[in-house]
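Below you'll find the structure, written out as structure tokens, and then a few comments.
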Amino acid sequence: MGTVLGTIERIWRYPIKSTGGELLDEAAVDTRGLAGDRLWAVRDAEGKFGSGKNTRRFRRMPGLLQLRSRYPGGAVTETPELLAPDGEPVADPTSYMRRYLDRNDVEVAREGTVSHFDQLPLSVLTTATLDWVRAAVPGVPVDERRFRPNLLLRTPPGTPPFVEDEWFGSTARIGTTLRIRFERSSERCAMTNDAQQDLPHSPQILRAIVQTHDMRLDALATITRPGSVRLGDPIELA
């Protein structure tokens, strides 16, 4: 019996990269990550994907976080729905996105040979670290959507913030079949501060993480054995 790190409190999937995601009760997980996660993205004429930052692969496209995406009925075999800021599905995601961004060179496209992930397939965030962020920026609304994890892990009382750092290089079991390996943390960008739905813009959040934890927050993992994850599943070090 290994050390139980906590239990799965929320499962998030983001069908269209850089948009708000959908909450799930359970999800299949393969070597790519949660089935359907960030499988689609907003792509411009240069082949760059809409994101919260500018890099070799990504182009900053402000406003994407005001939108949401989901798979109708949860079936990843279908094209995801894009939801407008008022929560209503749009008829044609590409046409809507061109009007919304005021750009005629973008389309909502499925992943091809270039990965849509910023870094690694799976992001795990603990409630201990999330509570630290809330305390560090009093008066600023904060929940896990700021950090876009796939799994929010409820940790036991007294767990220190940034406990995720202690797991790097370790393998963990989730539920009965899924196995993951914790590799490193995410380097955070301005997207952490961006407004989304009911969360206002706030530069204090990234500033606090920069000053205290070198811009890094969460645990990124690779999948060593595919399986599934469900709400309430324990994560246990193997």
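First residue of the sequence shown? That's 99 in the working numbering, and the numbers climb one at a time after it.
Ideal Cβ placement from N, Cα and C applies to all residues, glycine included.
{"Check": "Cross-strand partners of A139 (DSSP beta bridge)", "Outcome": "A207"}
{"Check": "Start and end residues, beta strand (DSSP E) containing R158", "Outcome": "156 to 158"}
{"Check": "Reduced DSSP secondary structure (H/G/I, E/B, other) of A125", "Outcome": "strand"}
{"Check": "Same chain, Cβ closer than 6 Å to A306, five either side skipped, listed in chain order", "Outcome": "A234, V235"}
{"Check": "E285 and R243 closer than 8 Å at C-beta", "Outcome": "no"}
{"Check": "Short Cβ contact (8 Å threshold) for D128 with P324", "Outcome": "yes"}
{"Check": "Bounding residues of the alpha helix (DSSP H) (the contiguous stretch that carries P191)", "Outcome": "191 to 199"}
{"Check": "Reduced DSSP secondary structure (H/G/I, E/B, other) of A173", "Outcome": "coil"}
{"Check": "Distance CB(L249)-CB(I106) smaller than 8 Å", "Outcome": "yes"}
{"Check": "Rounded distance between the beta-carbons of I303 and T290, thought under 8 Å", "Outcome": "5 Å"}
{"Check": "Within 8 Å, strictly: CB atoms of L181 and R166", "Outcome": "yes"}
{"Check": "Distance between D292 and S300 (C-alpha atoms, nearest Å)", "Outcome": "7 Å"}
{"Check": "Contact belief for V140 with M159 at Cβ below 8 Å, rounded distance in angstroms", "Outcome": "6 Å"}
{"Check": "Stretch-stretch touch, CB-based, cutoff 8 Å, three pairs: the stretch 225 to 232 with the stretch 251 to 263", "Outcome": "yes"}
{"Check": "Supposed close pair L337, G148 - CB separation, criterion 8 Å", "Outcome": "Outside the shown range of the chain (99 to 336) lies residue 337, about which nothing can therefore be said."}
{"Check": "Limits of the unbroken beta strand (DSSP E) element including T355", "Outcome": "The shown model of the chain, from 99 to 336, leaves out residue 355, and the question about it has no answer."}
{"Check": "Unbroken stretches of the alpha helix (DSSP H), 4 residues or longer, contained in the stretch 247 to 312", "Outcome": "302 to 311"}
{"Check": "Exposure label - D296; buried when at least 16 CB within 10 Å", "Outcome": "exposed"}
{"Check": "Those residues which DSSP pairs with R243 across a bridge", "Outcome": "Paired residue(s): none; R243 is not in a bridge."}
{"Check": "First through last residue of the beta strand (DSSP E) which encompasses P332", "Outcome": "332 to 335"}
{"Check": "Given V308 as reference, the closest of C287, W110, T192 once Cα atoms are compared", "Outcome": "C287"}
{"Check": "Spatial distance of D331 from R108 (CA atoms)", "Outcome": "10 Å"}
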